[in-house]
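In full-length UniProt numbering, the protein residues as written are 1 to 289.
Printed below as a string of structure tokens:
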């Protein structure tokens, strides 16, 4: 059931799923179920009907959305089946922009003795019959959310997997991505291009940055990706200098070493994609782990 279709540089096998590639310009009001976690510092919502993604995440101390808060559902043909939306945190399991990224998944709420609560979402992926679950936990008195990802190969076959969390964040000209200080180089998909970090002197994907600091969004005029060549550190972050607030990731680098920046670019192309994927929520980048 493979006809040669390519998705994100890999075989675009979708069977037994059907394509979701017929979009319209019709605007309608629709109600979605949101499940909330909240303490004195943060309020986080998850939408099981949209792939189980984190839909919003608010820092209540400064009213800062530390993930991109989308106010419309406006798909574009980017996902494995076609339809894909920006914003929040997407779970790319077992494939990038997975087939069910905007489809309903199962969910349940779990209470813990210490007062923390977890929203579990998950599904059995029908292409390879593998299973994934994601738990988003908020603890009393803590200003972070904890994410637990579990993947299960339920079959008797060897299957390849990919697992990237895909947080989107609001940006402007003052936004900077912070890879750990030991990051000296970044690379592109398939490791077919390299350049220095943060100041780029080597031609990268056909573009010369002439020593510009590419950790700043304002210095990235077109769509590109940067994967940190760093497998030793446990964190990276994005910081909005204008708002004096940001978003940080922390995780065990022996389990999850990936650190990635993706952008549509600061320019006309990026502006077009901002309008294609949202109405008034503005530009974003993805800081993927």
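No residue lacks a Cβ here, since even glycine has one placed at the ideal position from N, Cα and C.
Being a predicted model, the structure only gives us computed values, none of them experimental.
First and last residue of the uninterrupted alpha helix (DSSP H) at residue i
| i | result |
| --- | --- |
| residue 269 | 268 to 277 |
Helix, strand or coil at residue i [DSSP, three-state]
| i | result |
| --- | --- |
| residue 289 | coil |
| residue 48 | helix |
| residue 150 | strand |
| residue 117 | strand |
| residue 179 | coil |
| residue 76 | strand |
| residue 190 | helix |
| residue 92 | strand |
| residue 217 | helix |
| residue 127 | coil |
| residue 239 | strand |
| residue 122 | strand |
| residue 170 | strand |
| residue 232 | coil |
| residue 28 | coil |
| residue 82 | strand |
| residue 33 | coil |
| residue 6 | strand |
| residue 101 | coil |
Closest by C-alpha distance to residue i, when choosing among the options
| i | options | result |
| --- | --- | --- |
| residue 172 | 160, 244, 108 and 78 | 244 |
| residue 141 | 158, 117 and 150 | 117 |
| residue 129 | 153, 149 and 111 | 153 |
| residue 35 | 48, 24 and 23 | 48 |
| residue 10 | 190, 207 and 195 | 190 |
| residue 232 | 69, 206 and 184 | 184 |
| residue 228 | 22, 4, 256 and 71 | 256 |
| residue 98 | 26, 22, 69 and 166 | 166 |
| residue 109 | 205, 155, 214 and 134 | 134 |
Contact with chain B by residue i, beta-carbon distance below 7 Å
| i | result |
| --- | --- |
| residue 178 | Any reference to chain B falls outside this structure, which holds one protein chain only. |
Residue i vs residue j beta-carbon contact at 7 Å
| i | j | result |
| --- | --- | --- |
| residue 41 | residue 60 | yes |
| residue 73 | residue 132 | no |
| residue 86 | residue 277 | yes |
| residue 285 | residue 269 | no |
| residue 211 | residue 199 | yes |
| residue 136 | residue 28 | no |
| residue 186 | residue 217 | no |
| residue 265 | residue 223 | yes |
| residue 8 | residue 139 | no |
| residue 124 | residue 51 | no |
| residue 258 | residue 246 | no |
| residue 89 | residue 54 | yes |
Beta-carbon contacts of residue i that lie in its chain and below 7 Å, excluding the five residues immediately before and after
| i | result |
| --- | --- |
| residue 76 | 84, 276 and 277 |
| residue 174 | 240, 241 and 242 |
| residue 180 | 230, 233, 235 and 236 |
| residue 251 | 234 and 289 |
| residue 221 | 265, 266 and 267 |
6 Å CB neighbourhood of residue i in its chain, flanking five on each side removed
| i | result |
| --- | --- |
| residue 16 | 126 |
| residue 19 | 81 and 82 |
| residue 32 | 47 and 49 |
| residue 57 | 44, 66 and 67 |
Unbroken beta strand (DSSP E) run spanning residue i, endpoints
| i | result |
| --- | --- |
| residue 130 | 130 to 138 |
| residue 109 | 106 to 111 |
| residue 261 | 260 to 263 |
| residue 160 | Note, residue 160: premise wrong, no beta strand (DSSP E); not H, not E. |
| residue 249 | 245 to 250 |
Beta-carbon contacts of residue i that lie in its chain and below 8 Å, excluding the five residues immediately before and after
| i | result |
| --- | --- |
| residue 151 | 93, 94, 130, 131, 132, 161 and 163 |
| residue 202 | 194, 195 and 196 |
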